[in-house]
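Novice: Residue numbers (the working numbering): 4 to 458.
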Amino acid sequence: MAEPSMTSKCLAEFIGTALLIFTVECNVLVGSPLFAGLSIGTVLFVAIQALGGISGGNFNPAVSVSLGCVSAFGGPGMPWKQVGIYCLTQIVGGTVAALTASLMFGKSASLEVTSGYTMLSAGMCELFYTFMLCFVVLNVAAAKKNQEEKGQYFALAIGFCVVAGAYGAGVISGGAFNPAVAFSLDVTSLSHGFGRCFFYAIFEFLGAVLAAFLFSKVRPGDFGSEPSPAKLRESLLSEFLGVFVLVLTVSTNILGGSSTAALSIACSLSAMIYALGDVSGGHFNPAVTCAVFRSGRDSTFTLTKALLYMAVQVLAGIVAALVAVGIFGAKMGTFGAKAPYHLHQALLGELVFTFTLSYVVLGVAVSAVTKASHFFGLAIGFCVVVGGFAMGNVSGGSLNPAVSLGLAVSGGGAGSAAAYVLVELLAGFLAATAFSVTHQVELESPEAKRITADA
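(1) Here's the rule: buried if 16 or more other CB atoms are within 10 angstroms of the residue's CB, otherwise exposed. What is K84?
(2) Please classify A342 as buried or exposed, where buried requires at least 16 neighbouring CB atoms within 10 angstroms.
(3) Name the two residues that bound the continuous alpha helix (DSSP H) containing L102.
(4) Between the region 175 to 191 and the region 272 to 280, do three or more beta carbon pairs fall short of 8 Å?
(5) Does T475 come out as helix, strand or coil in the three-state DSSP assignment?
(6) Is DSSP giving T263 helix, strand or coil here?
(7) Residues bridged to T337 by DSSP?
(8) Compute the distance between the beta-carbons of A215 and F62, then report whether it is under 8 Å.
(9) How long is the line joining the alpha carbons of G224 and V397, rounded to whole angstroms?
(10) Ignore the nearest five residues each way along the sequence and tell me which others in G259's own chain have a CB closer than 6 Å to its CB.
(11) Less than 8 Å between C-beta atoms, sequence neighbours within five positions excluded: which residues of the same chain meet that for I51?
(12) What are the complete alpha helix (DSSP H) segments, minimum 4 residues, inside the region 165 to 203?
(13) Which of the three DSSP states is assigned to G156 in this structure?
(14) If you count every other CB in all the chains shown that lies within 10 Å of the CB of P404, and 16 or more means buried, which is it?
(15) Is R236 helix, strand or coil when you go by DSSP?
(16) Just verifying my parser: in three-state terms, what is the DSSP assignment at S231?
(17) Over the uninterrupted alpha helix (DSSP H) stretch that includes Y312, give me the two end residues.
(18) How far does the alpha helix (DSSP H) with K12 in it extend, from its first residue to its last?
(19) Pick out the complete beta strand (DSSP E) segments inside the region 381 to 431, 3 residues or longer, and give them in chain order.
(20) Quick one, are the C-beta atoms of A434 and F358 less than 8 Å apart?
(21) On the three-state DSSP scale, how would you describe D301?
(22) Would you mind stating whether L47 and V143 have Cβ atoms separated by less than 8 Å?
(23) What residue range is occupied by the uninterrupted alpha helix (DSSP H) comprising A53?
(24) Go ahead and pull the three-state DSSP assignment for E115.
(25) With DSSP collapsed to three states, give me the class of Q443.
(26) Name the residue from A371, H377, T373 and L402 whose alpha carbon lies nearest to the alpha carbon of C386.
(27) Buried or exposed for G178, please, with buried defined as at least 16 other CB atoms from any protein chain shown within 10 angstroms of its CB.
(28) Here's a check: name, in chain order, each residue in its chain whose Cβ is nearer than 6 Å to the Cβ of F17, leaving out the five neighbours to either side.
(29) Would S376 be called buried (16 or more neighbouring beta carbons within 10 Å of its own) or exposed?
(30) Mapping the DSSP letters down to three states, classify V295 as helix, strand or coil.
(31) Any idea if V139 is buried or exposed, counting beta-carbon neighbours within 10 angstroms, 16 or more meaning buried?
(32) For P64, name the three-state secondary structure that DSSP assigns.
(33) Look at the alpha carbon of A417 and the alpha carbon of P64, and state the distance between them as a whole number of angstroms.
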């Protein structure tokens, strides 16, 4: 099939960015605060699904700049001339959409930092979640492996990044994560002053550059470099980044008082699994690592490797929680069972839903019989929706020792955290034990064994 013309690509970028920013404006001006993040993330998902095959579905100057940096680093990116054309088109499309919404409602949404927080805090929120967005785009849409396999989940993973950031970090910065969004909101609310968009853009472009740099480190083969032995370095970096984004999202939702934390956290987990699952396995959870090791389905996943995974996951969780505390300038609070419930009730809930998460990972990502080729990230991530909404008011819905330890270190409740960790690891062990029975056919069939080994 012929390559779309630059005119076609630019019109696709104009339409996609305009739809995105018109949806942002409508949600801010007349929409429901509870569903705004989901609405904006969903319009990005559907627009990328519809137009990604034409222009790549950037709809964001930071994404285009990130692709330009990847190209400059020698990877599968975008020429800088095209980056410039895309950025201009996106800004024009976004401004037209914002002006249309302002005329429609007789008022405009402004780009403002929430009262009580600093510009630096807002900038850091924009940096981290623009990084996440660009990093996921690069991994699910630009990485050579995913281009060749043509996975059907790329648009979903990218849309989930907006949902992940909107409900936590968005409390401080408004959750732009896109210079075209920042500029269009700023230019259509001149009565509130103009120029804040440039501050936002600096942090957003820094996030884009960081995403391109770390993309080159987790996938050196895409840049003409040799991976480390057994891809250990890339796998450990992958696990660190996945847990960092996950626990940062957990922490910002807690500190921001989000009522939809489970959805936001689930979307962050799904997006990072889609981005990095083929690099490290996308565990992002010591309980899952315990389950994968106990299952014995991968002979290369040794005890030493499992312990390294767990150490990196815990470190990332602690770092992310401390970063969130620094951004919000507030203490996390004591970790443990929530009143009026007791520790034994919280632990039983953690056992059941961490078991669910670990067992689903084994079923959709490890098993050769029930493996989900396109929905694995969705299935795993949305275990957090299940457990988070079901037990969040009792245990907090951690389901992850890295989360438990990160929250405890940045707040308090070391005793409760130790009990949570033990129960969550036990849940991973039990999940693998159950999996060995339900999926025994894989071990009995020579053909299935070969498929499992190849996977």
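Even glycine gets a Cβ: it sits at the ideal position worked out from N, Cα and C.
These numbers were taken from a predicted model, which means no experiment stands behind them.
Specialist: Straight from the coordinates:
(1) Here residue 84 refers to the residue found at position 81 of the sequence shown. K84 comes out exposed.
(2) Indexing the sequence shown from 1 puts residue 342 at position 339. Exposed, by the Cβ-count rule.
(3) Start at 1 with the first residue of the sequence shown, and residue 102 comes out as number 99. Segment W83 to F108, the alpha helix (DSSP H) holding L102.
(4) no
(5) In the structure as shown, the chain begins at 4 and stops at 458. Residue 475 is therefore absent and cannot be evaluated.
(6) The count along the sequence shown starts at 1 and reaches residue 263 at position 260. Looking at T263 - three-state DSSP - the assignment turns out to be coil, as it is neither helix nor strand.
(7) As a working mapping, residue 337 is identified with position 334 in the sequence shown. Beta-bridge pairing links T337 to G415.
(8) On the sequence shown, position 212 is the one that residue 215 refers to. On the sequence shown, position 59 is the one that residue 62 refers to. Taking 8 Å as the Cβ cut-off, A215 and F62 do not qualify as a contacting pair.
(9) On the sequence shown, position 221 is the one that residue 224 refers to. On the sequence shown, position 394 is the one that residue 397 refers to. Near 45 Å, if we compare the C-alpha coordinates of V397 and G224.
(10) Within the sequence shown, the letter at position 256 stands for residue 259. For G259, where only same-chain residues beyond five positions count, the Cβ hits under 6 Å are G171 and V174.
(11) Taking the sequence shown and counting its residues from 1, the one referred to as residue 51 is at position 48. Excluding residues within five positions, the ones whose Cβ falls inside 8 Å are G19, G60, F62, F157, A158, I161 and G162.
(12) If only uninterrupted alpha helix (DSSP H) runs of at least 4 residues are considered, those enclosed by the region 165 to 203 are 173 to 176 and 182 to 190.
(13) Numbered from 1 along the sequence shown, position 153 holds the residue referred to as residue 156. The sequence shown places Tyr at residue 156, not Gly. DSSP places Y156 outside both helix and strand once states are collapsed to three, so it counts as coil.
(14) Here residue 404 refers to the residue found at position 401 of the sequence shown. That one is buried.
(15) The residue labelled residue 236 in the question sits at position 233 within the sequence shown. Helix, per DSSP.
(16) By one-based count along the sequence shown, residue 231 stands at place 228. Residue state, collapsed to three classes: coil.
(17) Stepping through the sequence shown from its first residue, residue 312 is reached at position 309. In this chain, the alpha helix (DSSP H) harbouring Y312 covers L306 to F331.
(18) Walking along the sequence shown from the start, residue 12 turns up at place 9. Where K12 is concerned, the enclosing alpha helix (DSSP H) stretches over M9 to V33.
(19) none
(20) Taking the first residue of the sequence shown as position 1, residue 434 is located at position 431. Taking the first residue of the sequence shown as position 1, residue 358 is located at position 355. Cβ distance < 8 Å, so A434 and F358 count as in contact.
(21) Numbered from its first residue, the sequence shown carries residue 301 at position 298. Looking at D301 - three-state DSSP - the assignment turns out to be coil, as it is neither helix nor strand.
(22) Residue numbering aside, residue 47 sits at position 44 when the sequence shown is read from its first letter. Residue numbering aside, residue 143 sits at position 140 when the sequence shown is read from its first letter. No. Outside cutoff.
(23) The count along the sequence shown starts at 1 and reaches residue 53 at position 50. Looking at the DSSP string, the run of the alpha helix (DSSP H) that includes A53 is A39 to S58.
(24) The sequence position of residue 115 within the sequence shown is 112, counting from 1. Here E115 sits in coil by DSSP.
(25) Reading the sequence shown from its first residue, position 440 is the one you call residue 443. Note: Q443 maps to helix in three-state DSSP.
(26) For the purposes of this step, residue 386 is taken as the residue at position 383 of the sequence shown. Check the Cα spacing between C386 and each of A371, H377, T373 and L402: the tightest is with L402.
(27) Mapped onto the sequence shown, residue 178 falls at position 175. It is buried - the Cβ of G178 has at least 16 other Cβ atoms within 10 Å.
(28) One-based indexing of the sequence shown puts residue 17 at position 14. Cβ within range, chain order: T92 and G96.
(29) Residue mapping note: residue 376 aligns to position 373 of the sequence shown, counting from 1. Under this definition S376 is an exposed residue.
(30) Position 292 of the sequence shown, counting from 1, holds the residue named residue 295. V295: helix per DSSP, three-state reduction.
(31) On the sequence shown, residue 139 is found 136 positions in, with the first residue counted as 1. With 16 or more other Cβ atoms within 10 Å, it is buried.
(32) In the sequence shown, residue 64 corresponds to position 61, counting from 1. Three-state result, P64: helix.
(33) On the sequence shown, position 414 is the one that residue 417 refers to. On the sequence shown, position 61 is the one that residue 64 refers to. Whole-angstrom Cα-Cα distance: 43 Å.
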